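Right, one structure below, let's go through it.
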Amino acid sequence: MIKRVDHICIAVKSLDEALGVFNSVFGFKASHTETLPDQGVKAALVPIGDGEIELIEPIDPEGGVAKFIERRGEGVHHICLEVDNIDEELKSLAARGVELIDKQPRKGLAGMIGFVHPRSTKGVLIELAQKV
Ligand code: ZN
526 MIKRVDHICI
536 AVKSLDEALG
546 VFNSVFGFKA
556 SHTETLPDQG
566 VKAALVPIGD
576 GEIELIEPID
586 PEGGVAKFIE
596 RRGEGVHHIC
606 LEVDNIDEEL
616 KSLAARGVEL
626 IDKQPRKGLA
636 GMIGFVHPRS
646 TKGVLIELAQ
656 KV
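If you use the working numbering, the sequence shown corresponds to residues 526 to 657, in order.
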């Protein structure tokens, strides 16, 4: 079951520069910054109410996020939906023919996560996350 929007992720060229911009525009402050080498990014989480904005900066020039910014510029990268059971959700989507990037859940910043391919969701990358 989908519970809520957990976070919206924005891909940026520089985390420090972007945090400065969002801080001066909206007063946003990162609660947490982390480097995720397996995803090729440095990420910052900005809490807003019971949701978050995630900012990601590529650290791997050959990685997916660097390529995303090259192709489409900085901007919204994905939307994350919180689910109550990530295993069930991924299995159910696969059974209905939805194209998945992750067939098995893996550890991410938002908990146990799995990505749905944007080919199945109108060009929008969707992350599903179960809090741990
Ligand atoms: Zn995310």
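Built from N, CA and C at the ideal position, the CB exists for glycine as well.
The structure presented is a predicted model; accordingly, all values stated were derived computationally and were not measured.
- DSSP places Asp531 within a strand segment (E or B) once states are collapsed to three.
- Assigned with DSSP and collapsed to three states, Leu544 falls in helix.
- With respect to the 8 Å criterion, Gly633 and Gln655 are not classified as neighbours on the basis of their beta carbons.
- One alpha carbon belongs to Pro562, the other to Val530, and they sit about 25 Å apart.
- Within the DSSP secondary-structure output, Ala569 pairs in a beta bridge with Thr558, Leu580.
- Under a 10 Å Cβ-count criterion, His602 is classified as buried, with 16 or more other Cβ atoms of the shown protein chains found around its own Cβ.
- Out of Thr646, Ser539, Lys554, the CA that lies nearest to the CA of Cys605 is found in Thr646.
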